[in-house]
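Asks: In terms of my numbering, the sequence shown opens at residue 150 and continues consecutively. Glycine is no exception: its CB is placed at the ideal position from the N, C-alpha and C atoms. Note that the coordinates shown come from a computational prediction; the quantities given were computed from them, not determined experimentally.
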Amino acid sequence: MEVPCVKRAFKYRFYPSVAQAAELSRTFGCVRKVYNLALEARSTAWARDQRRVSYADTSAMLTGWKQSEELGFLAEVSSVPLQQTLRHLQSAFTGFFTKRSGYPRFKSKRKSRASAEYTRSAFRWRDGKLTLAKMDAPLDIRWSRPLPEGTQPSTVTVSQDRAGRWFVSILVEAPITPLPVTDGRVGVDAGLTSLVTLSTGEKVTNPKHEKKDRDRLAWAQRQTARKQKGSKNRAKANRKVARVHARITDRRRDFVHKLTTRLVQENQLIVIEDLKVGNLLKNHHLARAISDAAWRELREQLEYKCAWYGRELVVVDRFLPSTRTCSACGLIRERLPLDVREWTCEGCGTLHDRDVNAANVLLAAGLAVSACGAGVSPAWTVSVRAVGDEAGKLRRSAA
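1) In three-state terms, what does DSSP make of residue 297?
2) For the alpha helix (DSSP H) containing residue 182, name the first residue and the last one.
3) Could you give the DSSP three-state label for residue 392: helix, strand or coil?
4) Grab the span of the alpha helix (DSSP H) containing residue 320 for me, first residue to last.
5) Along the chain, where does the beta strand (DSSP E) containing residue 244 start, and where does it finish?
6) Can you check which of these residues, 452, 188, 473, 447, is closest to residue 339 by C-alpha distance?
7) Below 7 Å, is the gap between the Cβ of residue 476 and the nearest heavy atom of the ligand NAP?
8) Report, in whole angstroms, the separation of the C-beta atoms of residue 291 and residue 163, which I expect to be a contact under 8 Å.
9) Tell me, which residues are paired with residue 419 by DSSP?
10) Straight-line CA distance for residue 374 to residue 382?
11) Give me the residue from 276, 189, 501 with the minimum Cα distance to residue 132.
12) Would you identify the three-state DSSP class for residue 545, choosing helix, strand or coil?
13) So the candidates are 492, 384, 423, 170; which of them puts its Cα closest to the Cα of residue 265?
14) Could you pull the DSSP bridge partners for residue 157 from this structure?
15) Please give me, in chain order, every unbroken run of the beta strand (DSSP E) with length at least 3 that falls completely inside the stretch 349-375.
16) Could you give the distance in angstroms between the alpha-carbon of residue 214 and the alpha-carbon of residue 430?
17) Residue 157 and residue 321 look like a contact to me (Cβ under 8 Å); what is the Cβ gap, rounded to whole Å?
18) Report the residue from 194, 257, 166, 176 whose alpha carbon sits nearest the alpha carbon of residue 185.
19) Would the beta-carbon of residue 393 fall within 8 Å of that of residue 365?
20) On the DSSP bridge list, what partners appear for residue 263?
21) So, helix, strand or coil for residue 278, using DSSP?
22) Sort 513, 493, 190, 457 by Cα distance to residue 327 and report the nearest one.
23) What distance in whole Å lies between the Cβ atoms of residue 245 and residue 251, which are believed to be in contact at a cut-off of 8 Å?
24) In three-state DSSP terms, what is residue 449?
25) Candidates 444, 508, 210: which alpha carbon is nearest residue 357's?
26) Would you check if there are 3 or more beta carbon pairs closer than 8 Å linking the stretch 330-344 to the stretch 282-296?
27) Grab me the residues of residue 309's own chain with a C-beta within less than 6 Å of its C-beta, minus the 5 sequence neighbours each way, in chain order.
28) With C-beta atoms as the reference, is residue 425 less than 8 Å away from residue 460?
29) Between which residues of its own chain and residue 234 is the CB-CB distance below 6 Å, once the five residues before and five after are set aside?
30) Beta carbon of residue 302, beta carbon of residue 325: below 8 Å?
31) For the candidate residues 225, 271, 359, 352, whose alpha-carbon lies nearest to that of residue 439?
32) Rounded to whole angstroms, what's the CA-CA distance from residue 455 to residue 403? Just pull it up for me.
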């Protein structure tokens, strides 16, 4: 049987020489400059003449910018990362016009991610060593795990985070062996006290990585505030703050990776709720806790891991009142305040744990969709309105 191949990115730390760091920093600056110039040109053309500027147009502009006296420094770095940033801008506008994302924003030296993308013509891969264009020596990469045997990099992305760490992401096409079919099926209810509650009754405690490092982060931020703006000491203090943020992010991502991998390995069908995290973050009382829970990261990892390993992921409409619905008899309560963690169904007398019950309702809905593509709860119609912590009012429809 032919094993399917997918594009996978393998990310590693590397330690550039002084000359390599200087070359990459120049490249990052040029990439950011070209992106902002192209975005300004496209925005101005539309504002003045309602004229759309294509990728080909901005590519021609780039040639002119390189030949100008003011922007001649753009010709000093590899041309490939500059072309790639124009392609990324085109993708950003495509996402905007299809209403999948907002309008592209200008890149900031202080806030934006510093990165440059090299395609096959702009790097050399030989004997397991990677050498980028405009460089004589290969990068000093720490190979924390080997690349899949026999693969060849197609794209290389170099980046530096705000903590000063250098990373290289190597894109390869690698075979993925689907996992053996299993009978496991699970509903997953996301939360804050428990990061997820499973329909099996298991609760995965929220590690709250940001809360654990909150004192350390506050101390680093106070040290930064005491430094003079624009000074080298201020820059060093900012770097320390960034290191704390990086530590939180790394630990959070690692925890979610381990959790999602286990869920995918153990279950053939996984059912989750279609949470709109952006809307939930508007609740300023819970925004910090919701961000730390990384629900969006959880869903994204489940999506691609299920696709890779032959699992089915069902995403249930967020207006399904999973918390208020009895998983035993289907009766729906009118209200269920957030502070009520256990409740007894008035219809069948079943005692429910709030989160375990919600996970079981999600699983039942997901099974209905998986089995026949049926809508969730076909015996009900939904008219949307806000009700406490959920949205949705259900009434019995005509049979």
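Replies: Checking against the coordinates, here is how it stands:
1) Stepping through the sequence shown from its first residue, residue 297 is reached at position 148. In the three-state reduction of the DSSP assignment, residue 297 falls in the coil class, being assigned neither a helical nor a strand state.
2) On the sequence shown, residue 182 is found 33 positions in, with the first residue counted as 1. From DSSP, the alpha helix (DSSP H) with residue 182 extends over 167-198.
3) Numbered from 1 along the sequence shown, position 243 holds the residue referred to as residue 392. Under the three-state reduction of DSSP output, residue 392 falls in the helix class.
4) If you number the sequence shown from 1, residue 320 lands on position 171. Counting along the chain, residue 320 falls outside any alpha helix (DSSP H), though it belongs to the beta strand (DSSP E) covering 315-324.
5) Within the sequence shown, residue 244 is the residue found at index 95, counting from 1. Looking at the DSSP string, residue 244 is not in any beta strand (DSSP E); the run it does join, the alpha helix (DSSP H), is 228-246.
6) To locate residue 339, count along the sequence shown from 1; it is residue 190. It is 447 whose Cα lies nearest to the Cα of residue 339.
7) With respect to the ligand NAP, the structure offers nothing, as it holds no ligand at all.
8) Residue numbering aside, residue 291 sits at position 142 when the sequence shown is read from its first letter. Residue numbering aside, residue 163 sits at position 14 when the sequence shown is read from its first letter. In this structure, residue 291 and residue 163 form a Cβ contact; the two beta carbons are roughly 7 Å apart against a cut-off of 8 Å.
9) Against the sequence shown, residue 419 aligns to sequence position 270. Residue pairing by DSSP places residue 419 opposite 335, 462 in a beta bridge.
10) Your numbering for residue 374 matches position 225 in the sequence shown. Your numbering for residue 382 matches position 233 in the sequence shown. The alpha-carbon atoms of residue 374 and residue 382 are separated by roughly 11 Å.
11) The question about residue 132 has no answer here: the residues shown for the chain are numbered 150 through 548.
12) Translated into positions along the sequence shown, residue 545 becomes position 396. Since pLDDT at residue 545 reaches only 30, below the 50 mark, its modelled position is unreliable, and the value read off the structure follows with that caveat. Residue 545: strand per DSSP, three-state reduction.
13) In the sequence shown, counting from the first residue as 1, residue 265 sits at position 116. For residue 265, the nearest C-alpha among the options comes from 170.
14) Taking the first residue of the sequence shown as position 1, residue 157 is located at position 8. Looking at the DSSP assignment, residue 157 forms a beta bridge with 321.
15) Taking 3 residues as the shortest admissible run, the stretch 349-375 contains the following complete beta strand (DSSP E) segments, listed from N- to C-terminal end: 352-354.
16) Along the sequence shown, read from residue 1 onward, the residue named residue 214 stands at position 65. Along the sequence shown, read from residue 1 onward, the residue named residue 430 stands at position 281. Answer to the nearest angstrom: the Cα atoms are 41 Å apart.
17) Residue numbering aside, residue 157 sits at position 8 when the sequence shown is read from its first letter. Residue numbering aside, residue 321 sits at position 172 when the sequence shown is read from its first letter. Their Cβ separation, rounded to whole angstroms, is 6 Å, which keeps residue 157 and residue 321 in contact under 8 Å.
18) The residue you call residue 185 lines up with position 36 of the sequence shown. With distances taken between Cα atoms, residue 185 lies closest to 257.
19) Here residue 393 corresponds to residue number 244 of the sequence shown, with the count starting at 1. Here residue 365 corresponds to residue number 216 of the sequence shown, with the count starting at 1. Between residue 393 and residue 365, the C-beta spacing is below 8 Å.
20) To locate residue 263, count along the sequence shown from 1; it is residue 114. Answer is 309.
21) The residue you call residue 278 lines up with position 129 of the sequence shown. In the structure shown, the three-state DSSP call for residue 278 is strand.
22) Sequence index remark: in the sequence shown, residue 327 carries index 178 (1-based). Comparing Cα positions, the closest option is 457.
23) Against the sequence shown, residue 251 aligns to sequence position 102. Against the sequence shown, residue 245 aligns to sequence position 96. About 7 Å separates the two Cβ atoms, so the contact holds.
24) Locating residue 449 in the sequence shown gives position 300, where the first residue counts as 1. Secondary structure of residue 449 (DSSP, three-state): helix.
25) The count along the sequence shown starts at 1 and reaches residue 357 at position 208. For the residues 444, 508, 210, the minimum Cα distance to residue 357 belongs to 444.
26) Counting C-beta pairs with one atom in each stretch, the stretch 330-344 and the stretch 282-296 have fewer than three that are closer than 8 Å, which means they do not touch.
27) For the purposes of this step, residue 309 is taken as residue 160 along the sequence shown, with counting starting at 1. Same-chain partners within the cutoff: 263, 315.
28) Looking up residue 425 in the sequence shown gives position 276. Looking up residue 460 in the sequence shown gives position 311. Between residue 425 and residue 460, the C-beta gap is not smaller than 8 Å, which leaves the two residues out of contact.
29) As a first step, residue 234 is located in the sequence shown; it is residue number 85 there, counting from the start. Sequence-distant partners of residue 234 (beyond 5 residues in either direction) whose C-beta falls short of 6 Å from its own C-beta, in its chain, are 180, 183, 184.
30) The count along the sequence shown starts at 1 and reaches residue 302 at position 153. The count along the sequence shown starts at 1 and reaches residue 325 at position 176. Residue 302 places its beta carbon 8 Å or farther from that of residue 325.
31) Numbered from its first residue, the sequence shown carries residue 439 at position 290. The residue with the shortest Cα to Cα distance from residue 439 is 359.
32) For the purposes of this step, residue 455 is identified with residue 306 of the sequence shown, where counting begins at 1. For the purposes of this step, residue 403 is identified with residue 254 of the sequence shown, where counting begins at 1. Their backbone Cα atoms lie some 18 Å apart in a straight line.
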